[in-house]
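Visitor:
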Amino acid sequence: LINKEFVGKSDSEKEILNDIKFVDNNNIYVVFQKDPIEGQYATSLEEALILTNYKNDIINDVIKDCRPKIYNQILKSDDSRKDLRENLIHNSYKLQKKLSDSKSDFSNKLIFRILSSENSDDLPNLPNYLEDGLEWLVRNLQVNDMLSLNQVEAGGDMEAENMRLDDAEVITDDAK
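Under UniProt numbering, the sequence shown has 4 at position 4, and the numbering climbs by one with no breaks.
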């Protein structure tokens, strides 16, 4: 299953996304949603969160709180599924369009629910592209920390050497 934008496109046109790479240029790493999630190509952060976490209680509660009417319509749109929440997958684009005028409400409620959750197992997962970006950031911060530490240590070595030279000069002056 793919979003409406890809209906009627040839397989080669659909595969173009597979060849796109994240941009990695020194201290800049640009990530974006390019891989399908549950067979859908997310068109926004909200849609990527919904697709990644369609079974998550926090995500479902926040959607229901922000857009109760459309949430209930989507869940009931195909009641032949064992898990009605799978309907969120097939209606993720429609749902994110309905959420588009209340992104701050959605994000604020989501953050509040995450921060007030007592069980870390209940927390939603980040979409893969965000995980990739954060992993890159952690790796690069660690590398930069090591470089800074080496510079500090090298500076400390220079300072110790200068102190030894100063001490040697004092001894030499005393000997005169």
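A virtual CB, placed ideally from N, CA and C, is assigned to each residue, including glycine.
In this text, all values refer to a predicted model and were calculated from it rather than measured experimentally.
Pick helix, strand or coil for residue 93, following the three-state DSSP scheme.
Guide: As a working note, residue 93 is residue 93 in the sequence shown. Helix, per DSSP.
Visitor: Using the Cβ count rule (16 or more neighbours within 10 Å means buried), how would you classify residue 20?
Guide: As a position in the sequence shown, residue 20 is number 20, starting the count at 1. Exposed is the call here.
Visitor: Rounded to the nearest angstrom, how far is the Cβ of residue 40 from that of residue 89, given a contact under 8 Å?
Guide: Taking the sequence shown and counting its residues from 1, the one referred to as residue 40 is at position 40. Taking the sequence shown and counting its residues from 1, the one referred to as residue 89 is at position 89. With a Cβ gap of about 6 Å, residue 40 and residue 89 count as contacting.
Visitor: Count the C-beta pairs between the region 128-139 and the region 69-84 that are closer than 8 Å, then say yes if the count reaches three, no if not.
Guide: Contact fails: fewer than three Cβ-Cβ distances are below 8 Å.
Visitor: Residue 105: which of 64, 36 and 55 sits nearest, CA to CA?
Guide: Position 105 of the sequence shown, counted from the first residue, corresponds to residue 105. Looking at the Cα atoms, 64 is the closest of the given residues.
Visitor: Cα-Cα, which of 27, 92 and 22 is closest to residue 54?
Guide: Mapped onto the sequence shown, residue 54 falls at position 54. Per the Cα distances, 92.
Visitor: Could you check how far apart the C-beta atoms of residue 67 and residue 99 are, in whole angstroms? I think they sit under 8 Å.
Guide: Walking along the sequence shown from the start, residue 67 turns up at place 67. Walking along the sequence shown from the start, residue 99 turns up at place 99. That pair is a contact at about 6 Å.
Visitor: Could you tell me which uninterrupted beta strand (DSSP E) segments, each at least 3 residues in length, are contained entirely in the region 27-78, listed from first to last along the chain?
Guide: 28-30, all fully within the region 27-78.
Visitor: Who are the near neighbours of residue 85 in its chain, counting only those whose CB is closer than 8 Å to its CB and skipping five residues on each side?
Guide: Residue 85 sits at position 85 when you count from the first residue of the sequence shown. Here the set comprises 54, 55, 60 and 75.
Visitor: Return the CA-CA distance between residue 24 and residue 135, expressed in angstroms with no decimal places.
Guide: The count along the sequence shown starts at 1 and reaches residue 24 at position 24. The count along the sequence shown starts at 1 and reaches residue 135 at position 135. About 13 Å.
Visitor: Kindly list the residues whose CB is nearer than 8 Å to the CB of residue 58, restricted to its own chain and excluding five residues on each side of it in sequence; keep chain order.
Guide: Within the sequence shown, residue 58 is the residue found at index 58, counting from 1. So the list reads 110, 113, 114, 117, 122, 123 and 124, once near-sequence residues are dropped.
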